[in-house]
Amino acid sequence: MAIENMAFLIPVLPALAFVLTFFLGKKLPNGGAIIPIIAIFTSFVISLLITMNLLQNPGQVVSQSYNWFAILNVGILIDPLAAVMLSMVSFVSLLIHIYAVGYMSHDKAQPRYFAETALFTAAMLGVVLSDNILQFFVCWELVGLCSYLLIGFWFEKPSAASAAKKAFLTTRVGDVMFLAGIILLFADIFKIFNGSIPQGVYVLRFDEIFSHIPEIAALNTQIFGFEVSHLTLITLLFFGGAVGKSGQFPLHVWLPDAMEGPTTVSALIHAATMVTAGVYLVARTFPMFIAAPYSLLIVAYIGAFTALFAATMGLVMNDIKRILAYSTISQLGYMMLGLGMGAVIGITAVGDSLFHLINHAFFKALLFLCAGSVIHAVGTQDIRQMGGVGKVMPITFATMLIASLALAGFGIPGTSIGVSGFFSKDPIIEAAYLFGESTENWFPYLFSIVAALLTSIYIFRLIFMTFTGKPRTSYGGHESPAVMTVPLIILGLLALVFGALTKTSFGNFLKETFGNNFVSIDIHALAEMGEYHLASHGSGSEPLIILWMPVIVAFAGLLISYLIYGMRILDMSSIVSRNNPIYKLLYNRYYQNAIYTEFLAVKVVYEGLSLAGRSIDRGFDWLVNFIGHIFMELADGLRQLQTGVVQNYATAVITGVSLLVILLKLIMEVF
Amino acid sequence: MLNKHFTIMQILTAVYNFFRPRIAGMVIAILFFAVVITSIVYTSWNSVDQIPQNPMDQSNIKGIGMLIFTDLVVPFEILSIVLLSTLMGAIYMAKGDGTQ
Amino acid sequence: MEIPILSLIVLIPFLFSVLTLLTKNKEQARAVALLSSVVVLTLTVYMYLNFDSNTAQMQFQEFAQWVPSLGINYQLGIDGISMPLVLLNAIVIPFLILFTWNDEKNHSNRFYALLLATQGAVIGVFVSLDFFLFYVFWELTLVPLFFMVSIWGGPAKHKAAIKFFIYTHVGSLVMLLGIFALYFTAWKQTGTPNMNIEHLLSQFQFISDGLSRNLIFLALLFGFLVKIPSFPFHSWLPDAYVEAPTAGSVLFVLLKIGGYGLFRVSLPLLPFTPSMDLMVTVMAALGSVSILYGAFLALAQRDLKRMVAYSSISHMGYVTLGAAGLVSLSVSGAMFQQFSHGLIMSIMFMSCGVINRATGTRIINDLGGLAGKMPKLAVIMMLAFMASLGLPGLTGFIAEFMVLTFTYINQPTYVIIAILAVIITAAYHLWAMQRTMFGVYNQKFGVLKDISASQTFSMAIIALLILYFGLNPSPVLNMMITNSEKLVSLLAVTGV
Amino acid sequence: MIPLFYYLALSAIIFSIGLFGFMTQRSGIRMLMCVELMLNAANINLVAFSSYNADLTGQVFALYSIALAAAEAAIGFAILMSIYRVRDMINLDKINVLRW
Amino acid sequence: MVDLTLLTPELTLVGTGLVVLSIGLFLNTNAKKILSYLASLGILASLVLVLTNLGNGGMLFNETLSFDALSQFFKIVFLSVALLVSIASIKYTEGNSHTEEFYSLLIFATVGMMFVASANDLIVLFVAFELASLATYALAGFEKKNPLSLEASMKYFMIGALSAALMLFGISFIYGATGTTSIPGVAENINILLGSPIGLLSVVLMIAGLGFKIALVPFHMWAPDTYQGSPSVVSSLLAAGSKKMGFVAAFKVFMVGLIALQAEWTTAFALLAVITMTLGNIVALSQNSVKRMLAYSSVAQAGYITMSFVVMSKTALAGAILYALSHGFMKAGAFIATAAVIYMVLSEKKDSEMPDHIDNFRGLGKRMPITALCMTIFLFALAGIPLTAGYMSKFVLFASTIEAGLVWLAVIAILNSAISLFYYARVVKYMYFLSSEGEKIAEPVPYTVAMIIAAIFVLAIGFWSEPFIYWAMEAAKVLI
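Chains as they are written, first to last, in the working numbering: chain A, 106 to 776; chain B, 7 to 106; chain C, 305 to 800; chain D, 3 to 102; chain E, 20 to 499.
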């Protein structure tokens with residue numbers, strides 16, 4: 106059992122690496138990259154060992170917690186959910202660090218880069234490990250900080266600096282909602298304990314929260330007229346935080362701009378790890394979601410809509426990284442949809458969406474890294490200027506192709522042949538179908554199918570525009586060095602094989618998450634509270650056509666993009682032009698920029714409230730000065746009384762005497 | 007003897023011209039006077055009914071003398087200092103520096 | 305043997321401030337000043353080490369008769385409320401002196417004398433248990449700052465100094481009225497004049513008519529609110545903070561006597577004021593409004609230092625809000641906010657000072673891309689800005705979290721208003737950070753050299769402290785919690 | 003015998019005339035005369051009360067106040083003389099350099 | 020035999036006055052410096068004598084003179100102010116051929132004040148009052164050549180004479196109604212005054228007479244012009260010395276004599292106190308001449324002390340008495356400091372028309388460090404900053420006003436002292452924060468000595484206030 110008490114090392118080692126690289130980085134070769142690589146490797150090994158242990162006896166969960174301050178604690182919880190995430194995060198981060206050694210080789214601020222990525226990994230591992238909601242929030246914000254620092258890595262570029270600010274602010278809006286959820290949760294628990302929390306009870310720990318779910322659900326408040334249960338409010342506020350972090354519909358604007366940072370950063374943070382933190386939050390607090398009426402439905406709808414919405418925009422992007430960014434948003438939409446399907450398939454939803462999360466991490470990281478090596482070689486990010494890169498960079502082309510196939514999701518349902526993307530996305534679509542069947546609400550299913558179609562269209566558009574055809578501009582493309590291609594190959598293998606191997610064992614491994622020594626909940630009892638009636642049978646019993654639909658759609662997408670971009674048989678100029686309203690709408694990204702920055706941030710907040718506030722403040726200032734001014738005026742006025750003539754003084758004395766007598770006489774009469 | 011006959015009108019106008027610039031002072035003085043007179047009138051002074059006439063020596067110099075040097079000797083002494091200091095001050099102020 | 309440690313801590317700064325006046329040149333003056341602040345620091349640390357943090361009683365008490373016929377005596381003592389604030393002052397002042405180590409100021413011996421005098425006066429306020437002594441030190445804090453702003457201040461220094469002096473003086477005079485009323489009613493009830501704070505507070509509930517109790521409470525509250533400063537009485541702050549030299553602004557920030565008064569005097573009185581819940585809602589409303597108001601105004605500022613001044617108003621709103629929460633952890637959260645605000649704001653003002661001296665301007669739009677030229681400053685300033693906007697892992701977050709979470713229980717509406725301000729706080733901090741540090745470098749500044757060794761050292765140490773207390777607040781927080789439990793228990797007694 | 007009231011009325015009248023003169027006269031000497039007038043009015047009062055209360059202190063006080071009046075007159079004229087020497091006029095309403 | 024030892028302080032003082040006068044006749048001008056030393060020693064001796072027999076009281080000359088804690092306390096005030104003035108005027112009368120006149124007038128004025136302090140009879144009070152006034156008329160006009168000084172003494176004389184007449188008129192009525200002139204005697208048979216309007220008239224007349232000396236509002240018009248015009252040392256005597264004489268006379272007349280008419284004169288004083296305070300403070304805001312500003316500030320301070328008549332509690336009286344003492348030191352010190360500055364200005368350019376203009380104070384911190392420091396102490400004491408005499412006396416006075424429940428009066432007083440902070444801080448600002456091109460000047464020794472003594476006492480009362488408060492309480496017991 107020695108491995109359990111090594112668990113705290115997982116986040117601590119990368120944090121140590123951050124401190125060392127930050128200060129000693131300059132002196133070491135290529136910015137001291139070796140330190141974080143070693144640290145993350147050890148964390149990966151430890152988490153892998155713990156996962157192995159957990160696989161044997163899933164009931165035995167690692168859980169340690171120590172007193173932090175007042176009634177709050179700091180602790181570690183590794184249950185199947187956390188173990189899987191730990192291994193994925195450390196593994197992907199390790200590969201990307203190795204890749205970054207090559208990618209950042211000629212950048213002069215390498216120590217700072219490696220320090221920040223090491224800190225990011227530590228924070229992300231912290232998020233995954235934490236056993237209470239407060240520590241979760243603390244690491245959650247630290248992850249936000251690292252993304253701010255890394256997006257704004259090349260801070261000389263004003264666009265990078267403003268992108269970083271935009272990213273931090275938008276995620277901050279989500280974090281505020283998350284904080285509000287924690288505050289509401291704490292207040293309710295405080296009420297439940299009616300004012301005095303017994304010694305040694307850590308209020309915000311997950312087991313404590315889950316054990317009080319029934320009481321919290323009982324409390325409800327009036328908001329805008331209709332009755333809302335506190336649990337729904339808390340879960341939706343948590344979901345608000347997840348929307349902010351994972352770039353779901355209203356708060357996704359920052360993710361495309363986050364591409365300003367180096368590609369390895371995009372790969373690590375905006376593909377594999379950070380953005381999935383939102384999904385992980387919903388997964389970690391899944392019992393609360395399932396016990397809260399309506400909240401899972403809202404998760405599902407937003408997830409589905411984002412999937413479609415992002416995919417439409419992905420179609421028209423010309424910058425290679427922005428296409429992948431929208432693809433990430435779309436896939437995250439899928440994961441949220443998967444969790445939302447918990448309303449119909451219960452706990453397995455967590456397994457499905459986590460499975461998609463892990464696979465997506467692999468092939469999306471791979472896509473970004475390939476894009477990185479293409480940009481590294483070609484020098485531009487605009488796919489219209491690329492073409493025929495495949496001949497020059499065979500390995501990158503091959504791995505990119507595998508990743509695209511995985512993303513589109515090719516495979517034979519029912520058998521274990523297929524790309525990992527297929528095995529993870531398919532159950533979600535089937536669950537959507539089941540959801541449609543049981544609640545007559547077909548939107549999620551429709552959105553997911555159309556999104557799948559668009560996904561394969563835009564990914565293969567990218568493949569054909571960059572790798573096939575004649576080179577449109579002259580570039581001295583050369584294959585990336587070994588240090589970059591090796592991680593590509595490893596990720597390529599995983600993208601191909603991982604799905605098939607672990608599709609069943611992954612599912613039931615994750616079922617154990619909420620039934621172990623740390624916390625044991627009866628999902629069905631909670632579901633009743635949430636008014637969700639879980640479908641009795643698992644997926645797989647749909648008619649044949651539904652089973653094959655995802656694969657058909659993937660092929661259709663491949664065919665369409667091959668015709669348009671591969672063979673160039675259709676003349677796209679009529680569609681891809683300014684006057685085509687739909688294209689313009691998509692190209693301008695539904696004018697979000699205009700809505701968010703110009704109107705909301707600048708007009709309403711800045712001009713409206715701040716400048717108004719400043720004028721009020723000037724009013725206060727003027728008031729204080731005015732009082733001072735009155736006294737000076739009065740002083741000059743009264744000063745004139747002193748005429749300097751003796752006779753006037755005498756008159757003043759005498760009048761004073763006579764008036765005083767008369768006045769006193771009056772006052773005496775009155776009182 | 008008046009070599010010119012002054013008509014009542016001329017006297018009145020002269021009086022008016024005299025008082026016109028000083029009307030304010032006039033009003034205040036009359037106000038003060040009124041206040042003093044009313045307060046005197048409304049007080050009932052318990053004065054003795056008959057001033058004690060001491061038929062044999064009309065003057066009360068002896069009484070005053072006795073009083074000055076028994077009860078009120080302190081003011082007397084202070085008065086001497088007053089006169090001395092006023093004298094000194096007045097001479098200092100009045101004495102020119104011998105030029106004109 | 306019982307060395308009068310508290311009197312030493314209060315009197316040494318005054319003594320040395322006179323000594324610095326006599327020194328001839330700058331080198332001697334700053335050496336003497338540093339020596340005095342280091343001595344005070346060691347004494348405070350020694351006191352902190354054997355300070356028992358789980359009793360709310362007064363410790364290290366000292367007593368000496370001063371004016372027996374009026375019941376005034378020289379009485380000092382320290383407990384969980386005042387210990388962290390004394391620690392804050394004792395820690396930051398030496399580094400402040402180090403920070404101003406080599407800027408060429410005229411009359412630098414007067415400068416250091418005033419600095420030490422303020423330190424002595426502020427610590428005096430925190431440790432005095434006699435209301436008369438409390439008021440004397442309270443007034444004494446104004447005089448050296450008035451001189452400091454007027455001599456070494458910015459362009460409009462005279463107006464700002466006079467305005468600050470009179471505004472806070474009126475506030476403290478109204479407080480004096482409250483003290484008189486309390487003092488004399490207690491004198492009438494107990495027959496003997498006694499100026500001890502504990503005694504007066506305990507006599508407060510026996511005052512017969514409710515109206516005078518309300519008036520006394522309001523008069524005292526007004527004095528403290530002007531000093532914090534909270535929303536309606538804050539208009540002296542922007543001018544005073546902006547026109548003061550860097551060291552002056554840092555001293556202003558260390559001047560936490562307003563909040564301290566709130567905890568020492570107002571909260572014990574609260575349960576016995578007749579219209580108590582009105583008072584609590586007023587305090588909570590003022591707190592949350594000043595948070596929002598300060599945040600919005602900070603967003604609208606073009607001058608960096610003025611923005612930091614308004615953000616200080618916004619942060620101090622948490623103190624009033626936390627105090628109004630009337631839960632032991634919300635009150636200790638407010639106390640911790642005082643402590644953390646002192647640390648964070650001192651670095652922010654120091655960095656404003658450095659930028660102003662290096663580039664000659666504080667207008668945010670003219671600055672740009674300083675991170676390239678001044679990396680050390682950039683890192684420290686980044687940490688300070690992050691702490692100030694409430695990033696977890698730093699003291700700012702701990703205080704904000706405790707105040708917001710535990711005040712929500714009694715004052716939900718005002719916490720919701722305050723939460724809105726968190727986004728605006730993040731906005732103006734990031735906007736300022738991005739405009740000054742990142743983006744394209746403004747060539748007209750020519751070559752800029754980074755902050756000097758002494759400045760880096762002092763700012764770095766305070767930054768490390770912020771990090772340390774952010775991660776592990778309990779060394780300071782436990783004593784606050786014990787005291788706030790005692791304060792809040794008074795409420796329970798009266799069945800609130 | 004003459005009731006006390008008449009004396010008091012007389013002294014009040016004289017006092018008011020003195021007051022009126024003091025307030026309105028421009029020349030310093032006339033103002034001094036008016037001060038003398040007022041002091042003597044007070045003396046009348048004192049003597050009247052002394053005789054009607056059959057108590058001599060009033061008369062002694064009157065004596066003292068006469069001495070004081072003399073002293074005041076002396077210092078008054080000395081000041082006026084030095085003003086005349088410097089300003090060649092003693093219209094006191096012109097002497098208002100010190101004002102506001 | 021009547022115990023004359025009580026009278027020794029007054030006698031020594033008169034003795035020194037006469038000796039100074041007579042010796043002065045035989046000395047030539049530059050030898051007259053020893054006269055000033057002699058006079059100061061005389062005053063010091065008298066002060067020491069008062070301090071020695073502080074304990075024993077008693078009545079003299081069948082109750083016309085009473086020696087009790089109150090009179091001793093005020094004698095200390097008068098003598099210490101006179102000492103400060105005499106030390107300062109060593110420099111002022113240097114090379115002046117009439118030093119003996121100056122000093123003897125000063126001494127006789129102080130004698131007058133001392134007799135007023137221990138007067139127990141209206142006649143003694145009036146005569147001593149007149150002695151003090153008459154002596155100071157000549158002092159005010161000491162600079163015969165300077166038209167301003169003459170104008171000042173003229174105004175002072177004219178209004179002084181008028182007020183003397185009014186007071187005499189008042190005393191005559193009191194004598195008439197009560198039949199006696201001894202103050203306790205008046206208190207006994209007050210019934211006529213009580214019942215009839217003449218009581219009200221005599222109260223107002225007495226207020227007018229004494230109000231002139233205290234400089235309450237309607238009767239204060241002379242004060243700014245006289246303080247500005249007359250030599251600074253004399254104005255410090257007037258402001259610090261004779262104003263307090265007015266107060267002790269008022270204490271005796273109203274609190275002992277006309278105690279029964281309390282309703283009338285409390286309302287009168289309440290009215291006058293508020294107006295005096297506010298007018299004094301507000302008009303002082305806009306003054307450019309420091310002496311005139313100090314004049315208005317002493318008018319305002321008189322308003323504060325008059326509050327004790329309204330509150331009528333023992334602590335209030337103790338506060339007023341303590342205020343009288345500390346104001347004596349503060350104001351005398353401030354005027355002497357201004358005298359030093361004027362000396363500096365005049366020594367540079369002879370004919371500056373307004374030597375005490377505030378611009379001349381520019382950069383004083385650099386040019387005359389000791390004067391600047393003492394002036395700052397006095398100004399902050401006048402403003403009421405803690406650890407100074409001003410603060411302690413304001414503390415006791417305002418606190419007692421609250422104790423008596425007159426919260427409105429305390430609030431007005433507090434706001435007034437806030438306003439006063441502005442014009443005091445303004446002078447400090449000129450001294451320390453504005454620079455001037457003048458170079459460091461040797462500060463005249465007598466002025467510095469006087470200022471340092473005053474500053475020491477101001478800080479002493481602020482810091483070790485226990486003895487002073489104790490004596491003030493003792494003095495207050497005499498009245499109530």
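Backbone N, C-alpha and C fix where the C-beta goes; we use that ideal spot for every residue, glycine too.
Taking 6 Å as the limit between beta carbons, can you name the residues of its chain near residue i, skipping five residues before and five after?
| i | result |
| --- | --- |
| A/Ala269 | Tyr253, Ile256 and Gly257 |
What would DSSP say about residue i, mapped onto helix, strand or coil?
| i | result |
| --- | --- |
| C/Thr786 | helix |
| D/Phe51 | helix |
Can you list, in chain order, the residues of its chain whose CB lies under 7 Å from that of residue i, leaving out five sequence neighbours each side?
| i | result |
| --- | --- |
| A/Tyr538 | Tyr550, Glu647 and Ile651 |
| A/Leu567 | Ile425, Ile428 and Ile488 |
| A/Met422 | Ile428 and Tyr431 |
| E/Val100 | Leu256, Ala259, Gly260, Gly347 and Ala351 |
Taking 7 Å as the threshold (beta carbon to beta carbon), is residue i in contact with chain A?
| i | result |
| --- | --- |
| E/Val302 | yes |
Just checking: is the beta-carbon of residue i within a distance shorter than 7 Å of some beta-carbon in chain E?
| i | result |
| --- | --- |
| C/Phe484 | yes |
| C/Val635 | no |
Which same chain residues, not among the five before or five after residue i, have their C-beta less than 8 Å away from its C-beta?
| i | result |
| --- | --- |
| C/Thr359 | Thr786 |
Is the Cβ of residue i closer than 7 Å to any Cβ of chain D?
| i | result |
| --- | --- |
| E/Ser201 | no |
| B/Phe24 | no |
**OP:** Below 7 Å between beta carbons is the criterion; list the residues of the region 48–67 of chain D that meet it against any residue of chain E, in chain order.
**Re:** Leu48, Phe51, Asn55, Asp57, Thr59, Gly60, Phe63, Tyr66 and Ser67
**OP:** Select from the region 75–92 of chain D all residues with a C-beta closer than 7 Å to any C-beta belonging to chain B, and list them in chain order.
**Re:** Flagged, chain order: Ala76, Ile77, Ala80, Ile81, Met83, Ser84 and Arg87.
Original post:
When Cβ atoms are compared, which residues of the region 753–773 of chain A fall closer than 7 Å to chain D?
Top reply: Ala755, Thr756 and Ile759
Subject >> Cβ pair count under 8 Å reaching 3, the region 753–764 of chain C against the region 410–417 of chain C >> reply: no
Original post:
Within the chosen definition, does the region 265–281 of chain E reach the region 219–232 of chain E through at least 3 CB pairs nearer than 8 Å?
Top reply: Enough Cβ pairs lie closer than 8 Å, so yes.
Original post:
Is there contact between the region 584–592 of chain A and the region 493–500 of chain A, where contact requires at least three CB pairs shorter than 8 Å?
Top reply: yes
Subject >> contact_flag[the region 318–336 of chain C, the region 186–198 of chain E] where n(CB pairs < 8 Å) is 3 or more >> reply: no
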